[in-house]
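First up is the structure itself, then whatever we jot down about it.
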Ligand SMILES: Nc1ncnc2c1ncn2[C@@H]1O[C@H](COP(=O)(O)OP(=O)(O)OP(=O)(O)O)[C@@H](O)[C@H]1O
Ligand SMILES: [Mg+2]
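Chains as they are written, first to last, in the numbering used here: chain X, 1 to 329; chain A, 330 to 461.
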């Protein structure tokens with residue numbers, strides 16, 4: 001490990017919330033020790049006071065009451081000691097459990113990462129072979145062979161997308177999703193996205209429209225990641241809209257810029273609104289292709305940009321998604 | 330006829346199926362393919378055969394594709410040959426590594442052949458630094 005790497009690790013460790021909790025608990029435990037010491041001093045002082053000042057004679061020790069008293073003081077002290085030990089053990093156990101959970105979670109997201117990577121090499125081979133086949137590199141295809149081939153190609157594309165999404169989720173959950181920010185014009189990003197979705201919307205007989213002001217609206221953001229967010233919103237809108245259209249609208253209001261994706265589709269039931277942005281959650285009829293990762297990834301990306309994403313919708317009334325981002329200059 | 334026609338392309342991948350797929354495609358583009366099964370093989374073949382372009386898989390046992398690329402770019406007789414890296418790893422962390430290794434481009438697996446052809450043509454069209 002090079003020194004800067006080491007330093008970065010150290011910084012990460014310092015920022016680790018669990019580490020922080022542990023440190024604060026240690027501090028608390030040492031305060032507890034002081035408090036305990038103080039607490040045990042008080043009965044001892046009282047005891048000394050009683051013996052020396054109040055009774056001023058050793059006869060008190062001979063009296064049965066005095067014996068009881070001393071016995072009680074010692075018991076109380078032992079109780080306090082035991083209680084302190086119990087509290088310490090409980091806290092330690094909780095911290096350990098928490099740490100194990102944390103480790104398990106990183107392991108899990110590392111596993112997802114690993115598996116997704118393992119998928120890519122074989123996928124490349126399958127895709128390559130299928131594309132060679134499609135392009136007639138192994139001889140001319142009969143019309144009967146074209147259909148299963150097209151089907152396979154489509155599924156490979158889907159697998160490829162899911163693998164990419166799983167990798168993103170893995171990165172998000174392990175906090176490793178890094179943004180490559182630059183100053184970019186939102187109009188350009190949205191134009192590219194709507195252009196990319198044009199074919200799908202035409203195929204579905206939908207009108208796809210982009211409304212944006214002339215004046216360029218700039219944001220300091222990761223171009224690929226933002227495109228990914230809007231691409232998912234627009235594809236969703238098209239997927240879940242049987243007829244009508246999809247509007248993408250860009251507006252600026254002071255320091256905030258807002259992108260809206262509105263459709264005239266089947267909408268979302270009130271009780272489902274809460275789980276849309278949770279990974280693997282899909283609502284409604286489930287008749288459309290997808291893995292339920294798009295919106296979870298979108299939310300993470302938008303929030304990494306210090307933005308906010310939300311939806312307003314009702315069953316059969318269309319859906320209206322909003323993304324608000326801090327604007328630049 | 331494209332820029333790639335008639336060019337000798339050395340490619341390395343440890344997976345036989347991938348080599349077969351690539352070989353078929355490169356031939357269809359009119360290239361003369363040379364296959365290598367690992368990085369050391371690729372470096373050796375590059376020195377012996379002086380191809381016009383080299384395609385390296387990144388994750389091969391032994392020397393990685395990027396390390397091989399670095400070696401090729403250090404070699405007097407091979408540094409002028411454009412190198413493209415194909416990888417199953419994450420492209421975002423990779424971009425910097427690829428640049429450091431001196432590669433002329435990279436593609437993430439699985440990729441479209443049209444993308445690969447574009448990269449190849451771009452790399453072949455680029456004026457290469459003179460051999461010194
Ligand atoms: N515009 C919309 N209209 C109606 N329902 C929607 C709309 N957008 C999203 N949804 C609902 O939210 C669910 C989650 O969307 P999300 O984009 O996360 O997943 P997906 O589109 O099903 O799959 P993926 O995006 O991973 O390919 C969808 O399955 C759908 O039920
Ligand atoms: Mg989606």
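The C-beta atom is built at its ideal place from N, Cα and C for all residues, glycine as well.
Computed from a predicted model, the values in this text were never measured in an experiment.
On a CA-only basis, which of the options is nearest residue i? Give me that one, please.
i, options, result
"residue 300 of chain A", "A:445, A:454, A:387 and A:438", "Chain A is shown from 330 up to 461; residue 300 of chain A falls before or after that span and cannot be answered."
"residue 186 of chain X", "X:151, X:319 and X:248", "X:248"
"residue 438 of chain A", "X:202, X:193, X:109 and X:125", "X:125"
"residue 242 of chain X", "X:41, X:86 and X:318", "X:318"
"residue 342 of chain A", "A:354, A:364 and A:359", "A:364"
"residue 23 of chain X", "X:276, X:95 and X:135", "X:95"
"residue 201 of chain X", "X:131, X:112, X:234 and X:212", "X:234"
"residue 119 of chain X", "X:102, X:159 and X:137", "X:159"
"residue 399 of chain A", "A:423, A:429, A:381 and A:416", "A:429"
"residue 293 of chain X", "X:304, X:307, X:278 and X:305", "X:278"
"residue 156 of chain X", "X:300, X:123, X:295 and X:74", "X:123"
"residue 352 of chain A", "A:383, A:373 and A:393", "A:383"
"residue 305 of chain X", "X:320, X:26 and X:219", "X:219"
"residue 259 of chain X", "X:32, X:152, X:324 and X:199", "X:324"
"residue 174 of chain X", "X:112, X:295, X:93 and X:25", "X:112"
"residue 381 of chain A", "A:445, A:339 and A:440", "A:339"
"residue 208 of chain X", "X:214, X:225, X:246 and X:153", "X:246"
"residue 168 of chain X", "X:135, X:145 and X:224", "X:224"
"residue 203 of chain X", "X:313, X:215, X:183 and X:244", "X:244"
Taking C-beta to C-beta, are residue i and residue j nearer than 9 angstroms?
i, j, result
"residue 166 of chain X", "residue 90 of chain X", "no"
"residue 386 of chain A", "residue 345 of chain A", "no"
"residue 388 of chain A", "residue 361 of chain A", "no"
"residue 272 of chain X", "residue 238 of chain X", "no"
"residue 231 of chain X", "residue 196 of chain X", "yes"
"residue 229 of chain X", "residue 302 of chain X", "yes"
"residue 375 of chain A", "residue 404 of chain A", "yes"
"residue 427 of chain A", "residue 395 of chain A", "yes"
"residue 366 of chain A", "residue 378 of chain A", "no"
"residue 109 of chain X", "residue 205 of chain X", "no"
"residue 423 of chain A", "residue 435 of chain A", "yes"
"residue 350 of chain A", "residue 128 of chain X", "yes"
"residue 393 of chain A", "residue 359 of chain A", "no"
"residue 87 of chain X", "residue 32 of chain X", "yes"
"residue 77 of chain X", "residue 44 of chain X", "yes"
"residue 172 of chain X", "residue 300 of chain X", "yes"
"residue 117 of chain X", "residue 418 of chain A", "yes"
In chain order, what residues of the same chain lie with their CB nearer than 7 angstroms to the CB of residue i, ignoring the 5 residues before and after it?
i, result
"residue 222 of chain X", "179, 180 and 181"
"residue 310 of chain X", "322"
"residue 332 of chain A", "450, 453 and 454"
"residue 162 of chain X", "291"
"residue 227 of chain X", "189, 192 and 193"
"residue 14 of chain X", "Confidence in residue 14 of chain X is poor, its pLDDT being 46 and thus under 50, which makes the residue's placement too unreliable to answer from."
"residue 255 of chain X", "326 and 327"
"residue 281 of chain X", "275 and 292"
Give me, in chain order, the residues of the same chain whose beta-carbon lies closer than 8 angstroms to that of residue i; leave out the 5 immediate sequence neighbours on both sides.
i, result
"residue 217 of chain X", "185, 186, 187, 250, 252, 257 and 327"
"residue 356 of chain A", "362"
"residue 316 of chain X", "266 and 267"
"residue 39 of chain X", "80"
"residue 416 of chain A", "386, 387, 388, 394, 423, 435, 436, 437 and 438"
"residue 369 of chain A", "391, 392 and 397"
"residue 11 of chain X", "With a pLDDT of 49 at residue 11 of chain X, under the threshold of 50, the modelled position of that residue is not reliable, and no figure is offered here."
"residue 198 of chain X", "208"
"residue 130 of chain X", "149, 152, 153 and 156"
So is residue i in contact with chain D if we call contact Cβ pairs under 9 angstroms?
i, result
"residue 428 of chain A", "Reference to chain D is not applicable here, since the protein chains of this structure are X and A."
Near residue i, which residues of its chain fall below 6 angstroms by C-beta distance, leaving aside the five closest residues on each side in sequence?
i, result
"residue 402 of chain A", "408 and 431"
"residue 211 of chain X", "249"
"residue 448 of chain A", "413 and 434"
"residue 297 of chain X", "168"
To be precise: take each residue of the region 436 to 458 of chain A, compare its Cβ to all Cβ atoms of chain X, and keep it if any distance is under 9 angstroms. Which residues remain? 437, 438, 439, 440, 441 and 442
Output the residue ranges of the beta strand (DSSP E) runs that lie fully inside the region 161 to 246 of chain X and measure 3 residues or longer, sorted by chain position. 181 to 185, 207 to 211 and 218 to 222
Runs of 3 residues minimum, wholly inside the region 334 to 367 of chain A: which ones carry the beta strand (DSSP E) assignment? 337 to 341 and 361 to 365
Check each residue of the region 347 to 370 of chain A: if its Cβ is closer than 9 angstroms to any Cβ of chain X, include it; give the result in chain order. 347, 349, 350, 351, 353, 354, 356 and 357
Using a Cβ-Cβ cut-off of less than 7 angstroms, list which residues of the region 140 to 166 of chain X approach chain A; keep chain order. 160
Uninterrupted alpha helix (DSSP H) stretches inside the region 366 to 432 of chain A (no shorter than 4 residues): 368 to 378, 394 to 403 and 420 to 430
Give me the subset of the region 191 to 221 of chain X whose CB atoms are less than 8 angstroms from a CB atom of chain A, sorted by chain position. none
What alpha helix (DSSP H) runs, 4 residues minimum, are completely inside the region 287 to 329 of chain X? 294 to 304
Quick one: which residues of the region 122 to 141 of chain X get their C-beta closer than 7 angstroms to a C-beta of chain A? List them in chain order. 123, 124, 125, 127, 128, 129, 131, 132 and 137
Counting only Cβ-Cβ distances shorter than 9 angstroms, please list the residues of the region 405 to 420 of chain A near chain X, keeping chain order. 415, 416, 417, 418 and 419
Name the residues in the region 294 to 312 of chain X whose C-beta lies less than 9 angstroms from a C-beta of chain A; which are they? none
For the region 96 to 114 of chain X, list every residue whose C-beta sits within 9 angstroms of some C-beta in chain A, in sequence order. 113
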